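Undergrad:
Residue numbers (my numbering): 43 to 220.
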């Protein structure tokens, strides 16, 4: 939910679709540009904000790398060969990463991982909002050529999707302790 980089400088809030689609710098937005979504889902950030040297996470924290996501997935029972794959992988690791019905806010997982993933939706590189309440998209700190690695949790699936996505997409971010 941060509006500032770790050094205190502001992360620009970009609302317009045309402005969002032309970005090559860090930006944030609330889903559907509706501030009422912030309490539940926080901001969506493009990957330029994740990769900014000023730091998206507070001191002592960082955005997890693709490898750190894989470590979590393997700790939850995914095989190493599946973790290294792309697309929908695993068995019930997505369920373990999603918030449970008893969490606040709730989703349809078990949250046995403590990740507390939520269906905050995303924003595509055209600036169009999609899938709030159904998908949760999460950036990693790892580039993949001109793309970046991300994870997706789906309301109707138990697995975790690993995909390299366009860096202009707006996704949720989780910070982990250094």
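Think of the CB as a built atom: it goes at the ideal place given N, C-alpha and C, for glycine as much as any other residue.
Computed from a predicted structure; not experimentally measured.
Who pairs with residue 179 in a beta bridge, going by DSSP?
TA: 194
Undergrad: Hey, would you say residue 130 sits closer than 8 Å to residue 140, going by beta carbons?
TA: no
Undergrad: Between residue 193 and residue 120, what straight-line distance do the alpha-carbon atoms span, to the nearest angstrom?
TA: 14 Å
Undergrad: Can you tell me the Cα-Cα spacing of residue 114 and residue 122, whole angstroms?
TA: 11 Å
Undergrad: Hey, residue 99 and residue 212 are a contact pair by Cβ (cut 8 Å); roughly how many whole angstroms apart?
TA: 17 Å between Cβ atoms; not a contact.
Undergrad: Please classify residue 76 as buried or exposed, where buried requires at least 16 other C-beta atoms within 10 Å of its C-beta.
TA: Its Cβ having fewer than 16 others within 10 Å, residue 76 is exposed.
Undergrad: Using C-beta distances below 7 Å, list every residue in its chain close to residue 43, excluding the 5 sequence neighbours before and after it, in chain order.
TA: 80, 84 and 85
Undergrad: My output table needs one value for residue 83: the three-state DSSP class, helix, strand or coil.
TA: helix
Undergrad: What does the alpha-carbon distance come out to for the pair residue 220 and residue 157?
TA: 16 Å
Undergrad: Going straight from the alpha carbon of residue 56 to that of residue 166, what length do you get?
TA: 13 Å
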